[in-house]
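Trainee: For my numbering, add 6 to where a residue sits in the sequence shown, where the first one is 1.
Beta carbons: idealized from backbone N, C-alpha and C, even for Gly.
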Amino acid sequence: MAKVTDRCFEATGHSAFICDFSPPRTGDPQSFAQPNLDANFISVAYNPGRAVRVNSAMLAAAIKGETRKDVLFTLATRDMNKLALESLLLGGQILGLDNVVVVQGDPFTQRDLDRVKDVSDFTPTQMISAIAAMNLGTDYREGQLRSPTDYCVGATLDLGRGIEAEAQLAHRKVQAGAHFFISQPIFDVDEASLFREAFKAAAGHDLELPVFFGLQVLEQDGIIFSSVPETVRQELEQGRPGVEIALELFQRFQQAGLHNIYL
Numbered sequence: 007m008a009k010v011t012d013r014c015f016e017a018t019g020h021s022a023f024i025c026d027f028s029p030p031r032t033g034d035p036q037s038f039a040q041p042n043l044d045a046n047f048i049s050v051a052y053n054p055g056r057a058v059r060v061n062s063a064m065l066a067a068a069i070k071g072e073t074r075k076d077v078l079f080t081l082a083t084r085d086m087n088k089l090a091l092e093s094l095l096l097g098g099q100i101l102g103l104d105n106v107v108v109v110q111g112d113p114f115t116q117r118d119l120d121r122v123k124d125v126s127d128f129t130p131t132q133m134i135s136a137i138a139a140m141n142l143g144t145d146y147r148e149g150q151l152r153s154p155t156d157y158c159v160g161a162t163l164d165l166g167r168g169i170e171a172e173a174q175l176a177h178r179k180v181q182a183g184a185h186f187f188i189s190q191p192i193f194d195v196d197e198a199s200l201f202r203e204a205f206k207a208a209a210g211h212d213l214e215l216p217v218f219f220g221l222q223v224l225e226q227d228g229i230i231f232s233s234v235p236e237t238v239r240q241e242l243e244q245g246r247p248g249v250e251i252a253l254e255l256f257q258r259f260q261q262a263g264l265h266n267i268y269l
């Protein structure tokens, strides 16, 4: 199966898609059957909504085995200690997984914290560095693994938190060992070029890693993952289909040379 960095087509002008997939809240093997789901990669999310769901790595392996599609799994630093995270990563290799995206995980509410503990043994940047070390054969205790892992490591961007600050964080993630980025949805393609300029200012060189910029298909009463311009909100409220809005934005992505897309 392919790594994400093997399927980036920006230089050719062809589009590559990573499609987000939410794990079900059931262990029924039929719950993930999606014969019409077509993308270069299926990215299995990590416990969306802070809810009990099928483990992302296990589901990614099941989807890969069932559909023969290339997959990613998301791993949050919030819920496990270093021993558990690195053991899970070794298990992912046994399951044939090559691509992992590291996130922090949404913060727990106070009500959540009455029932569950935030572990956060690693920050996401530290986790990326730890996976890079595992790829060289070393675990978090600086012990030698019997064989190194071979992960393609993804990191996340949220330009809504401030482009300059996010560029500086992205630079640290590159230094830690990230191989590619995926972003929260953007609605202004100029943000992509502003981010690249900010990264160059922070790092002293261009960002050479692939970035899959987020493109969300909005629904009027659906969950929104980033700040949506008022004009887009009004179009949605007036009945314009979210798919139509997304297709128009996709054309802008293409015109701006943004060919790696995260749906």
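1. State the Cα-Cα distance for the pair isoleucine 69 and isoleucine 100, rounded to the nearest angstrom.
2. Where proline 30 and tyrosine 146 are concerned, what is the direct C-alpha to C-alpha distance, given to the nearest angstrom?
3. By the three-class DSSP mapping on this structure, what secondary structure does proline 130 have?
4. What did DSSP end up calling asparagine 141 once you bin it into helix, strand or coil?
5. On the DSSP letters alone, give me the boundaries of the alpha helix (DSSP H) that phenylalanine 201 sits inside.
6. Here's the rule: buried if 16 or more other CB atoms are within 10 angstroms of the residue's CB, otherwise exposed. What is glutamine 102?
7. Secondary structure at serine 189, three-state DSSP: helix, strand or coil?
8. Taking glycine 111 as part of the alpha helix (DSSP H), name the residues at either end of that continuous run.
9. Short of 7 Å in beta carbon distance, which residues of its chain neighbour arginine 56, apart from the five on each side in sequence? Order them along the chain.
10. Return the CA-CA distance between glutamine 174 and alanine 198, expressed in angstroms with no decimal places.
11. Residues in the same chain with beta-carbon distance under 7 Å from asparagine 141, minus the five sequence neighbours each way, listed in chain order, please.
12. Using the Cβ count rule (16 or more neighbours within 10 Å means buried), how would you classify valine 122?
13. Rounded to a whole number of angstroms, what is the C-alpha to C-alpha distance between phenylalanine 186 and lysine 179?
14. Within this structure, are the beta carbons of isoleucine 267 and phenylalanine 38 separated by less than 8 Å?
15. Phenylalanine 219: which of Asp76, Leu43, Ser126 and Ala252 sits nearest, CA to CA?
16. Considering leucine 91, what are the terminal residues of the alpha helix (DSSP H) in which it resides?
17. Could you check the C-alpha separation between glycine 183 and leucine 224 for me, to the nearest Å?
18. Quick check: what's the CA-CA separation for histidine 177 versus aspartate 124?
19. Helix, strand or coil for proline 8, going by three-state DSSP, please let me know.
20. Indicate whether alanine 63 and phenylalanine 27 have their beta-carbon atoms separated by less than 8 Å.
Mentor: By the coordinates alone:
1. When only Cα atoms are considered, isoleucine 69 and isoleucine 100 end up about 15 Å apart.
2. Distance between the alpha carbons of proline 30 and tyrosine 146 is about 31 Å.
3. The DSSP-derived three-state label of proline 130 is helix.
4. It is helical.
5. Under the DSSP assignment, phenylalanine 201 falls in the alpha helix (DSSP H) whose first and last residues are 196-209.
6. The residue asked about is misnamed: residue 102 is glycine in this sequence, not glutamine. Around the beta carbon of glycine 102, fewer than 16 other beta carbons sit within 10 angstroms, so the residue counts as exposed.
7. Here serine 189 sits in strand by DSSP.
8. Counting along the chain, glycine 111 sits inside no alpha helix (DSSP H), nor does DSSP assign it H or E at all.
9. Excluding sequence positions up to five before and after arginine 56, its CB lies within less than 7 Å of the CB of Asp112, Phe114 and Asp118, all in the same chain and listed in chain order.
10. Computed Cα separation, rounded: 15 Å.
11. Listed in chain order, the non-local C-beta contacts of asparagine 141 below 7 Å within the same chain comprise Pro154, Thr155, Asp156 and Tyr157, local neighbours out to five positions each way being set aside.
12. Exposed, by the Cβ-count rule.
13. Taking the straight line joining both Cα atoms gives about 10 Å.
14. Against a cut-off of 8 Å, the Cβ pair of phenylalanine 38 and isoleucine 267 comes out as no contact.
15. Taking only the C-alpha atoms, the option nearest phenylalanine 219 is Ala252.
16. Residues 88-100.
17. Going by the C-alpha atoms only, they are around 33 Å apart.
18. One Cα belongs to histidine 177, the other to aspartate 124, and the distance between them is close to 26 Å.
19. At residue 8 the sequence reads alanine, which differs from the proline that was named. Looking at alanine 8 - three-state DSSP - the assignment turns out to be coil, as it is neither helix nor strand.
20. No Cβ-Cβ contact shorter than 8 Å links alanine 63 with phenylalanine 27.
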